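See below for the structure under consideration.
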Amino acid sequence: MRIAIDAMGGDNAPDEIISGALESIESLGENDELILVGPKEKIEPHLPPRKSREDAISVVDAPEVIDMDEAPIESLRKKRKSSIAVIAKMAKTGEADGVISAG
130 MRIAIDAMGG
140 DNAPDEIISG
150 ALESIESLGE
160 NDELILVGPK
170 EKIEPHLPPR
180 KSREDAISVV
190 DAPEVIDMDE
200 APIESLRKKR
210 KSSIAVIAKM
220 AKTGEADGVI
230 SAG
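Here it is, written out as structure tokens:
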């Protein structure tokens, strides 16, 4: 199963989101994958060097960020490369089997 995670959603993102994803690696099945979605340059520094089950996490670049003070619907229309817009599209196109966002 491929789960796309909005790495920029919620408080203390992306740090807390990435930390939770890394903690969950051991509970993943052999064919499961977590896909962290957000600005690559903000996600990759938090990831450990590749080894064992860390290959179960990949990153999809979504360079635009929707800030807390922005109107949600208008922002989704304008910022199609935001993490929340990208994970929704991934679910629609079958690139992800499910999505998670705290934002």
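Counting from 130, one number per residue, gives the positions in the sequence shown under my numbering. For each residue, glycine too, the CB sits at the ideal point set by N, CA and C. Remember, it's a predicted structure, so these values are computed and weren't measured experimentally.
Please report the straight-line C-alpha distance between residue i and residue j, rounded to a whole angstrom.
i: Ser204; j: Ile195; result: 6 Å
i: Asn160; j: Met130; result: 7 Å
i: Arg206; j: Ile147; result: 26 Å
i: Ile216; j: Thr222; result: 10 Å
Which residues in the same chain as residue i place their Cβ atom closer than 6 Å to its Cβ, once the five residues preceding and following it in sequence are excluded?
i: Asp190; result: Lys169
i: Asp226; result: Met130, Arg131
Residues bridged to residue i by DSSP?
i: Asp135; result: Val166
i: Glu193; result: Ser211
Kindly list the residues whose CB is nearer than 8 Å to the CB of residue i, restricted to its own chain and excluding five residues on each side of it in sequence; keep chain order.
i: Glu162; result: Met130, Arg131, Ile132, Ala185, Ile186, Ser187
For residue i, which residues from the same chain have a beta carbon less than 7 Å from its beta carbon, with the 5 sequence-adjacent residues on both sides left out?
i: Lys208; result: Glu193, Ile195, Ala214
i: Ile134; result: Ile146, Ala150, Leu163, Ile164, Leu165, Val166, Ile229
Can you tell me which of the options puts its alpha carbon nearest to the alpha carbon of residue i?
i: Ile154; options: Lys221, Val166, Pro177; result: Pro177
i: Ala142; options: Glu199, Thr222, Val166, Ala217; result: Val166
Review point. So does the region 205-217 actually touch the region 132-147, counting three or more Cβ pairs closer than 8 Å?
Key: The region 205-217 is in contact with the region 132-147.
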